[in-house]
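So the working numbering is basically just the index in the sequence shown, starting at one, shifted up by 1394.
Note that CB positions come from ideal geometry on N, CA and C, so glycine has one too.
As the structure is a computational prediction, the values presented were derived from the model and not from experiment.
In what follows, a structure is listed as structure tokens, so that the remarks can point back to it.
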Amino acid sequence: MSNVYKVAVLGAGKRGTLHAKTHYENKRFELVGLCDLDTERLAAAAAVCGNPPLYTDAAKMLGETKPDIFVFATQPALRLPLIKLGVEHGVKLISYEKPMATNFAEAQAIMDVCRAAGVKTVVSHQQKYGEHHQSVLKLVQSGGLGDIKTIYAHCWGWYFHLVTHLIDYIRMYNNNAEALWVSGAVSGRGKLFDNHPSPDYAGGFIQFANGVRGIIETGENAPDVPEMEYNWHKGRFMIQGKDGFAEVFIGEGWRAVTKNGVFSGGGKFDYTHDQACYVDEIADWLDGKCVHSCNGESAFKGFEIAMALLRSAVERKIITLPLGPGENEVEALRNVLT
Ligand SMILES: NC(=O)c1ccc[n+]([C@@H]2O[C@H](COP(=O)([O-])OP(=O)(O)OC[C@H]3O[C@@H](n4cnc5c(N)ncnc54)[C@H](O)[C@@H]3O)[C@@H](O)[C@H]2O)c1
């Protein structure tokens, strides 16, 4: 008989509701509690996930329901206290939203707490399950592009919204190679006090140990992707290898030129599909069948690169990895950006 894991979800916003609904619809989980401070949101979310026990207090929910898995989907400002709460209540796995923190010191503290307690973590970089990403990943892994040289990813969404998605998938296409150093540039304070506080524009280079060069751009000066109408879908990945090129559009579709010809295909950004894969893999990981594709250690590597790029921009120099202690990256941007 396969295991059924008890799940408690905090956050009944757009993302938390989807997390709760997806666990509820998967027979490998039992949704034992749902929590939000906003009771109207709570009632609306409960209606689409089988009316689980409802809470407005996270500690009470975790204490009463004793879940195996704690999922939380809150704005970026709230991460470490909920991680600590989950760990204190003895959960096996914490699944939470990107970005994993708002600065490197917080991300480091999250990892320290979870590693010390042996608690697994998963961060929602679930777009990788899209058929467009998976098709190009197969092409890369089968050697269809030859040795990879450059991976360029850009999007109109601003830094703390999307950069960790971009870097996570660059790392995926690059076989999770270690990064050696980064060089970043930033501009504009318009979004510095947003709930995803970011420079209006950021661009940067990432040098990986296997020789691959990553390039990222986010925000208002990043290139348009006229093929996509929706602003949040205006982004793409370009992967250049010795023997070919491939392009993945964040919104939908992919195309490639290889020694064997010209190819293209479908697959799109689909919250329901991607979330179902992400959630199912949580049970696989707890069953010991795999390590989750969105595991926290990998997310941390990506977040470290993202914060190193900001430090590079602030300090106007190349930053080598691993990243050491330093000033809160967003505070530093607020001090230097004009
Ligand atoms: N992975 C993705 O593709 C993706 C897509 C969109 C957003 N996100 C991320 O998801 C996160 C959440 O986004 P959202 O749009 O669902 O946010 P939201 O603000 O709509 O929802 C958050 C909910 O958490 C509740 N909450 C906050 N503190 C609480 C507490 N202490 N106890 C109980 N409830 C509490 C709020 O009342 C709110 O209902 C963000 O970090 C965002 O970047 C990820």
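Is the beta carbon of residue i sitting closer than 9 Å to the one on residue j?
{"i": "I1477", "j": "T1544", "result": "no"}
{"i": "T1612", "j": "Y1553", "result": "yes"}
{"i": "E1419", "j": "A1677", "result": "no"}
{"i": "V1642", "j": "H1526", "result": "yes"}
{"i": "E1698", "j": "P1716", "result": "yes"}
{"i": "L1474", "j": "E1500", "result": "yes"}
{"i": "W1679", "j": "S1529", "result": "no"}
{"i": "S1706", "j": "S1581", "result": "no"}
{"i": "V1724", "j": "N1569", "result": "no"}
{"i": "L1556", "j": "V1516", "result": "no"}
{"i": "C1688", "j": "K1415", "result": "no"}
{"i": "I1561", "j": "A1700", "result": "yes"}
{"i": "V1426", "j": "T1459", "result": "yes"}
{"i": "T1666", "j": "L1412", "result": "yes"}
{"i": "E1733", "j": "H1627", "result": "An answer regarding residue 1733 cannot be provided, because it is not within the stretch 1395 to 1732 covered by the chain."}
For residue i, count neighbouring C-beta atoms within 10 Å of its own C-beta (all shown protein chains included) and say buried if the count is 16 or more, exposed if not.
{"i": "G1629", "result": "buried"}
{"i": "G1605", "result": "exposed"}
{"i": "N1445", "result": "exposed"}
{"i": "C1684", "result": "exposed"}
{"i": "R1710", "result": "exposed"}
{"i": "K1636", "result": "exposed"}
{"i": "T1358", "result": "Coverage of the chain is limited to positions 1395 through 1732, which leaves residue 1358 absent and any answer about it impossible."}
{"i": "E1572", "result": "exposed"}
{"i": "A1439", "result": "buried"}
{"i": "G1410", "result": "buried"}
{"i": "E1675", "result": "buried"}
{"i": "P1620", "result": "exposed"}
{"i": "F1587", "result": "exposed"}
{"i": "S1536", "result": "exposed"}
{"i": "P1461", "result": "buried"}
{"i": "T1732", "result": "exposed"}
{"i": "V1673", "result": "buried"}
{"i": "Y1624", "result": "exposed"}
Given the structure, does residue i come close to ligand 1, in the sense that its CB is under 8 Å from one of the ligand's heavy atoms?
{"i": "K1628", "result": "no"}
{"i": "P1719", "result": "no"}
{"i": "E1646", "result": "no"}
{"i": "S1618", "result": "Just to set this straight, residue 1618 is Asp in the shown sequence, not Ser. D1618: no, Cβ never under 8 Å from ligand 1."}
{"i": "L1448", "result": "no"}
{"i": "T1612", "result": "no"}
{"i": "L1431", "result": "yes"}
{"i": "E1405", "result": "The residue you asked about is not Glu; residue 1405 is Gly in the sequence shown. Checking every heavy atom of ligand 1 against the Cβ of G1405, one is found closer than 8 Å."}
{"i": "L1456", "result": "no"}
{"i": "T1468", "result": "yes"}
{"i": "G1410", "result": "yes"}
{"i": "A1437", "result": "no"}
{"i": "S1581", "result": "no"}
{"i": "L1476", "result": "yes"}
{"i": "Y1523", "result": "no"}
{"i": "H1686", "result": "no"}
{"i": "L1425", "result": "no"}
{"i": "S1536", "result": "no"}
{"i": "L1560", "result": "no"}
{"i": "Q1520", "result": "yes"}
{"i": "Y1553", "result": "no"}
{"i": "H1590", "result": "yes"}
{"i": "A1452", "result": "yes"}
{"i": "Y1563", "result": "no"}
Going by DSSP, which residues form a beta bridge with residue i?
{"i": "H1548", "result": "E1611 and R1630"}
{"i": "E1723", "result": "Paired residues: none, contrary to the question."}
{"i": "C1429", "result": "L1404 and Y1449"}
{"i": "I1542", "result": "G1635"}
{"i": "F1498", "result": "Bridge partners of F1498: none, in fact."}
{"i": "A1579", "result": "G1597"}
{"i": "L1733", "result": "Lying outside 1395 to 1732, the shown extent of the chain, residue 1733 is not represented and no answer is given."}
{"i": "G1655", "result": "T1652"}
Is residue i helix, strand or coil when you go by DSSP?
{"i": "A1467", "result": "coil"}
{"i": "K1415", "result": "helix"}
{"i": "L1586", "result": "coil"}
{"i": "A1650", "result": "strand"}
{"i": "E1641", "result": "strand"}
{"i": "N1604", "result": "coil"}
{"i": "S1592", "result": "coil"}
{"i": "T1732", "result": "coil"}
{"i": "Y1624", "result": "coil"}
{"i": "V1685", "result": "coil"}
{"i": "I1713", "result": "strand"}
{"i": "S1396", "result": "coil"}
{"i": "K1662", "result": "strand"}
{"i": "E1424", "result": "strand"}
{"i": "L1574", "result": "strand"}
{"i": "P1475", "result": "helix"}
{"i": "C1443", "result": "coil"}
Between residue i and ligand 2, is the CB less than 8 Å from at least one heavy atom?
{"i": "P1493", "result": "The model on display carries ligand 1 but not ligand 2."}
For chain D, is any of its Cβ atoms less than 9 Å away from the one on residue i?
{"i": "L1539", "result": "Looking at the structure shown, chain D is missing, and only one protein chain is on hand."}
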